[in-house]
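Step one of this worksheet: look at the structure below.
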Amino acid sequence: MSDDFQYTLPFPPEPENEGLFDPQMGLPLSSDNWLQPIREIVKRNGKKEIFNKQKISDAIFNASRQAGIEDRNLADSLASAVTLYISKQARGKAPTVEQVSDAVETVLIQLSQPQAALAYVRYRDRRARIRRLRQGDMKGLLGELEEARLERESANAIANSLQVQTSQENYACWDRQKIVTALCLETGLQADLAELIAAEVETQIQNAGLNVLTTPLIRELVGAKLLEHGLVEENEQRRRLGVPLYDASRLIRGIAPETLGASPAWTDQALARAVKKEYALSEVFSSEVTSAHFNGSLFLEGLDHVDRLCSADVSIGSLMKQEKKSALEFHPAMIVARMIQFTLQLDAFFMEAPCWHAFNHQAAPLLEKSSDRDLAAFSRAVLEEFDFRAHQGRNTLSPETLRLHWSAPCIPDTWLQPGMAGSDLDDPYDAWESVARRLALKLLEIFEEGRHHGPYAAPQLEIILEPALFRHFEGIAFLRQAVRTSLKQPGIRFLLPDRSEDDAPAPAGCCENSIVSALWNRIILNTPGIALMGETEAAFFNRLESYFRLAVQAHREKRDFVEGLMGGVHQGPLSFPAAAGGACFPETGRFVIAVDGLYECAEIMAGSRPFSHRERLTFMEKTLTFLGQLTEESSKKEDMDLLLGANSNPEISKRFANLDISRHGNALKEVVKILPDTQECSYTPGVGFPESSGLTPFDKAQYEGTLHKVLKTPSITSLKLPVRHASEYTLTDLLKKIMYQTDCRGVQLSMEEKRDA
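For this note's numbering, count along the sequence shown from 1 and bump the result up by 11.
And the structure:
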């Protein structure tokens, strides 16, 4: 019985689970009614001839032989499948030779014959080249040039229309060759087979109409193509472990930039952080938030620590209360050991190291009988332990902070334990004020000395500037020591109390819990980048509000995720251990939306017109006031403790500047600041005025203080002082003037480097 006769039989359509070809083979046939058989084929010269299925079988067989497959029955079966496929696609019309060849490639791929498909592609290309040569060298050469031009134009069109979110958290243009390189490097595939897979992935992406791709999506598509071609083992070699297997190997071997000279413990952390960062961008935050992070409109801080809270303010007084030790059993070294133990426990739950509130006053009852020598030994032990942790590359992103008060802060007596170090609830808390002051002075003296091979990397010391400091000779002497230390060693900041407190000491927080308060999350807004998106001031504020609400959405998503980790009936990963000093997380956390590059934002909005410092300050204050109102409204609406703050991380300022330069280039040429030490591009962090603004130290503190009073979190003014003004007496007077005549909330002093004449 001939094939033609078979096609004319009036067979009804058979059920899907019956017939020659199993549905699991995945042949892409339509569900239309039975069509007419193929009787003719159109040759390349336009003439028609009788269709012969045997020619298809011969072509498949000859091509397969090149791949070491000599199976005539398989070739005949595949030719029958090709005939069936063409009859469905042609719909009664005579197909061309090229259409038949395309059908052969499609069927071989769909029926999981990768080796035969690759061999046929080479066979087809070789015959095409022979035909072009027979037509004449010049014509064949021109044809190949035209084909290359069309392919290049197609590749450029795809590259211009597609963007890829990279692992460096930015966008890059589509480049098919990167898939080829990665396949050859990670799996050892031959270049031509890798090129074939990359081309198929590109076609699939183009047909899907995608505009933005993620690296994980591309890897999934490549993996599907590898499996489709039967390359199971090769796909296993590129299995994703949070990072590609090739990258994981480089990290573990210490030849990647992130782990050069690192210990195995550090490579553990590097791999874990990479997994958590991808999880955060894929699962915790929505696509709108993630896209804004990649664009550089906002920054999601701590993505690689997404399952942790941000930071905590803690109390050593409440912590030591849990020890319930008598004066005879207690030793000052126990304070250091208990602090380190508690800090290690906090590392597992927080991104940043803790801030120890009123450290000198809360440790004073335990050091009441200590001599000056004992206080010096205790101070050195505290500084060296925290410095050692800083050099060990622990998980947290910032050093510990010790906050020192001259006068007794508002700490409740319930933080003390009767019978501990001779304490008595009937005694006022300021009974140990003299011990606390001696301890603060010793800490500064030891900190100024530094280690034998350099300054202490940790902790950060914060001195509370209170009015009582300027009323007594001892207080002024202490402040001069603090100023002298800050000029010799980095890591000292001066915080000013809220003006509403006037003469009252700054409270350290009245809570019996060791964790006084916790910051759950922080997000930074790129105000210069947002300013570049709109030409008018009204457009800027509209976009600023849009990205502010997106930041609130991100906070809400992080809050929901964190609350899930805290667990309900069952303890979750963020269930703080009950044995940890009696600590537990506060029921509610704080969420900060910080601004960055506000000075450059004002410059962009000014354009080419002259803009004085006063006018710039007015615009900056207007922007913060606008955001402050949005913060209050959103706090009530979302039932969240939202706070407006300023970015203090210079690395984030660099990231914003570099991302904006890559997109806006010339528009930022006169705006972006070049760091003199590293020649890197950066914005001015937070709400600060750059050193190049030409303001005097007092004017700088006054201008920035105007902005500080709008913020709800502490912000630091960095004052770089000329050497001739670096007198401890002059600077003590400057701090007093800043305290009483500005709204500045924090100051950090440093000296300008000496220049050769």
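In this text, a Cβ means the ideal position worked out from N, Cα and C, and glycines have one as well.
**OP:** Would you kindly check if the distance between the Cβ of R264 and the Cβ of D315 is under 7 Å?
**Re:** Numbered from its first residue, the sequence shown carries residue 315 at position 304. Numbered from its first residue, the sequence shown carries residue 264 at position 253. It is not a contact, given that the beta carbons lie outside the stated cut-off.
Original post:
Could you give the residue range of the beta strand (DSSP E) that holds K731?
Top reply: The residue you call residue 731 lines up with position 720 of the sequence shown. Here the beta strand (DSSP E) through K731 covers T728 to L732.
Original post:
Can you find at least 3 beta carbon pairs, one from the stretch 204-217 and one from the stretch 184-195, that sit closer than 8 Å?
Top reply: With the rule of 3 Cβ pairs closer than 8 Å, the stretch 204-217 counts as touching the stretch 184-195.
**OP:** Please classify G241: is it buried, with 16 or more other beta-carbons within 10 angstroms of its beta-carbon, or exposed?
**Re:** If you number the sequence shown from 1, residue 241 lands on position 230. Exposed.
Subject >> Boundaries of the beta strand (DSSP E) in which Q373 is found, first to last residue >> reply: Locating residue 373 in the sequence shown gives position 362, counting from the first residue. For Q373, no beta strand (DSSP E) segment is defined; the enclosing uninterrupted segment is the alpha helix (DSSP H) at F370 to A374.
Original post:
By DSSP, does N84 sit in helix, in strand, or in coil?
Top reply: Counting from 1 along the sequence shown, the entry for residue 84 is found at position 73. Note: N84 maps to helix in three-state DSSP.
Subject >> For V223 and E395, the rounded distance between their alpha carbons >> reply: Walking along the sequence shown from the start, residue 395 turns up at place 384. Walking along the sequence shown from the start, residue 223 turns up at place 212. For E395 and V223, the gap between their C-alpha atoms comes out near 50 Å.
Original post:
What is the DSSP secondary structure of V791, counted as helix, strand or coil?
Top reply: Only positions 12 to 768 of the chain appear in the structure, and residue 791 is not among them; the question remains open.
**OP:** State the start and end residues of the unbroken beta strand (DSSP E) segment that holds K59.
**Re:** The residue you call residue 59 lines up with position 48 of the sequence shown. First-last of the beta strand (DSSP E) with K59: K59 to I61.
Original post:
Can L311 and N371 be called in contact, C-beta distance under 7 Å?
Top reply: Here residue 311 is taken as the residue at index 300 of the sequence shown, counted from 1. Here residue 371 is taken as the residue at index 360 of the sequence shown, counted from 1. Against a cut-off of 7 Å, the Cβ pair of N371 and L311 comes out as no contact.
Subject >> Status (buried if at least 16 other CB within 10 Å, exposed otherwise) for I749 >> reply: Taking the sequence shown and counting its residues from 1, the one referred to as residue 749 is at position 738. Per the 10 Å Cβ criterion, buried.
Original post:
Hey, how far is the Cα of W277 from the Cα of T270?
Top reply: On the sequence shown, position 266 is the one that residue 277 refers to. On the sequence shown, position 259 is the one that residue 270 refers to. Near 7 Å, if we compare the C-alpha coordinates of T270 and W277.
Original post:
Under a three-way DSSP split, which group does M762 fall into?
Top reply: Taking the sequence shown and counting its residues from 1, one reaches residue 762 at position 751. In the three-state DSSP reduction, M762 falls in the strand class (E or B).
**OP:** Compare the Cα-Cα distances from E614 to each of L730, P733, M631 and D82 and report the closest residue.
**Re:** Along the sequence shown, one-based indexing puts residue 614 at 603. Its Cα nearest to that of E614, the residue M631 stands out among L730, P733, M631 and D82.
Original post:
Is Q215 buried or exposed, if buried means 16 or more other CB atoms sit within 10 Å of its CB?
Top reply: Start at 1 with the first residue of the sequence shown, and residue 215 comes out as number 204. With fewer than 16 other Cβ atoms within 10 Å, it is exposed.
Subject >> Bridge-paired residues (DSSP) for Y467 >> reply: To locate residue 467, count along the sequence shown from 1; it is residue 456. DSSP, once it has assigned bridges, lists no residue as partnering Y467.
**OP:** Using the DSSP secondary-structure output, state which residues sit across from Y182 in a beta bridge.
**Re:** Looking up residue 182 in the sequence shown gives position 171. For Y182, which the question treats as bridged, DSSP gives the partners Q176.
Subject >> Assigned exposure category for Q690 - 16 Cβ within 10 Å defines buried >> reply: Here residue 690 refers to the residue found at position 679 of the sequence shown. With a 10 Å radius around the Cβ and a threshold of 16 neighbouring Cβ atoms, Q690 comes out exposed.
Original post:
Would you call the CB atoms of E299 and A364 closer than 7 Å?
Top reply: On the sequence shown, residue 299 is found 288 positions in, with the first residue counted as 1. On the sequence shown, residue 364 is found 353 positions in, with the first residue counted as 1. Result no, Cβ atoms of E299 and A364 do not sit closer than 7 Å.
Subject >> The beta strand (DSSP E) enclosing L506, as first and last residue numbers >> reply: Start at 1 with the first residue of the sequence shown, and residue 506 comes out as number 495. Here the beta strand (DSSP E) through L506 covers I503 to L506.
Subject >> Span of the alpha helix (DSSP H) around R243 >> reply: Working through the sequence shown from its first residue, we reach residue 243 at position 232. At residue 243 the sequence reads Val, which differs from the Arg that was named. In the DSSP assignment, V243 falls within the unbroken alpha helix (DSSP H) covering V243 to Q248.
Original post:
Are the Cβ atoms of S761 and K731 separated by less than 7 Å?
Top reply: Position 750 of the sequence shown, counted from the first residue, corresponds to residue 761. Position 720 of the sequence shown, counted from the first residue, corresponds to residue 731. A contact, by the Cβ cut-off of 7 Å.
**OP:** May I ask you to report which of helix, strand or coil DSSP gives A78?
**Re:** Taking the first residue of the sequence shown as position 1, residue 78 is located at position 67. A78 falls in the coil class under three-state DSSP.
**OP:** Could you tell me whether any Cβ in chain B is nearer than 7 Å to the Cβ of D258?
**Re:** Included in the structure is just one protein chain, with no chain B present.
Original post:
Contact check, G656 vs T724 under 8 Å by CB: the rounded distance?
Top reply: In the sequence shown, counting from the first residue as 1, residue 656 sits at position 645. In the sequence shown, counting from the first residue as 1, residue 724 sits at position 713. Correct: roughly 4 Å between the Cβ atoms.
**OP:** Report yes if the C-beta distance between P696 and N658 is below 7 Å; otherwise report no.
**Re:** Taking the sequence shown and counting its residues from 1, the one referred to as residue 696 is at position 685. Taking the sequence shown and counting its residues from 1, the one referred to as residue 658 is at position 647. Yes; because the gap between Cβ atoms is below 7 Å, this pair is in contact.
Original post:
Near Y714, which residues of its chain fall below 8 Å by C-beta distance, leaving aside the five closest residues on each side in sequence?
Top reply: The residue given as residue 714 occupies position 703 in the sequence shown. Only H624, L628, F700 and L706 meet the Cβ criterion.
Original post:
Is the beta carbon of G307 less than 7 Å from the beta carbon of F72?
Top reply: If you number the sequence shown from 1, residue 307 lands on position 296. If you number the sequence shown from 1, residue 72 lands on position 61. Going by beta carbons, G307 and F72 fall outside the 7 Å limit.
Subject >> Rounded straight-line distance, which links the Cα of G639 to that of S646 >> reply: What you label residue 646 is simply residue 635 of the sequence shown in a count that begins at 1. What you label residue 639 is simply residue 628 of the sequence shown in a count that begins at 1. When rounded, the distance between both Cα atoms is 11 Å.
**OP:** Sort out for me which residues DSSP pairs D607 with in a bridge.
**Re:** Position 596 of the sequence shown, counted from the first residue, corresponds to residue 607. Partner(s): N537.
**OP:** Would you mind sorting D438 into buried or exposed? The rule is 16 or more other CB atoms within 10 Å of its CB.
**Re:** Numbered from 1 along the sequence shown, position 427 holds the residue referred to as residue 438. Annotation note: pLDDT 46 at D438 (below 50); position unreliable, coordinate value reported separately. Per the 10 Å Cβ criterion, exposed.
**OP:** Identify which residue in R554, A128 and A447 has its Cα closest to the Cα of H368.
**Re:** Here residue 368 corresponds to residue number 357 of the sequence shown, with the count starting at 1. Checked all of R554, A128 and A447; the closest Cα to H368 is A447.
**OP:** Look up D688 in the DSSP assignment and give the residues it is bridged to.
**Re:** For the purposes of this step, residue 688 is taken as the residue at position 677 of the sequence shown. The beta-bridge partner set that DSSP reports for D688 is empty.
Subject >> beta strand (DSSP E) segment containing T412, residue limits >> reply: Counting from 1 along the sequence shown, the entry for residue 412 is found at position 401. Residues T412 to L415.
**OP:** Thinking R491 and T741 are a contact (beta carbons under 8 Å), I'd like their distance in whole angstroms, please.
**Re:** Indexing the sequence shown from 1 puts residue 491 at position 480. Indexing the sequence shown from 1 puts residue 741 at position 730. Not a contact, Cβ separation roughly 10 Å.
Original post:
Beta carbon of S322, beta carbon of F361: below 7 Å?
Top reply: If you number the sequence shown from 1, residue 322 lands on position 311. If you number the sequence shown from 1, residue 361 lands on position 350. When the beta-carbon positions are compared, S322 and F361 come within less than 7 Å of each other.
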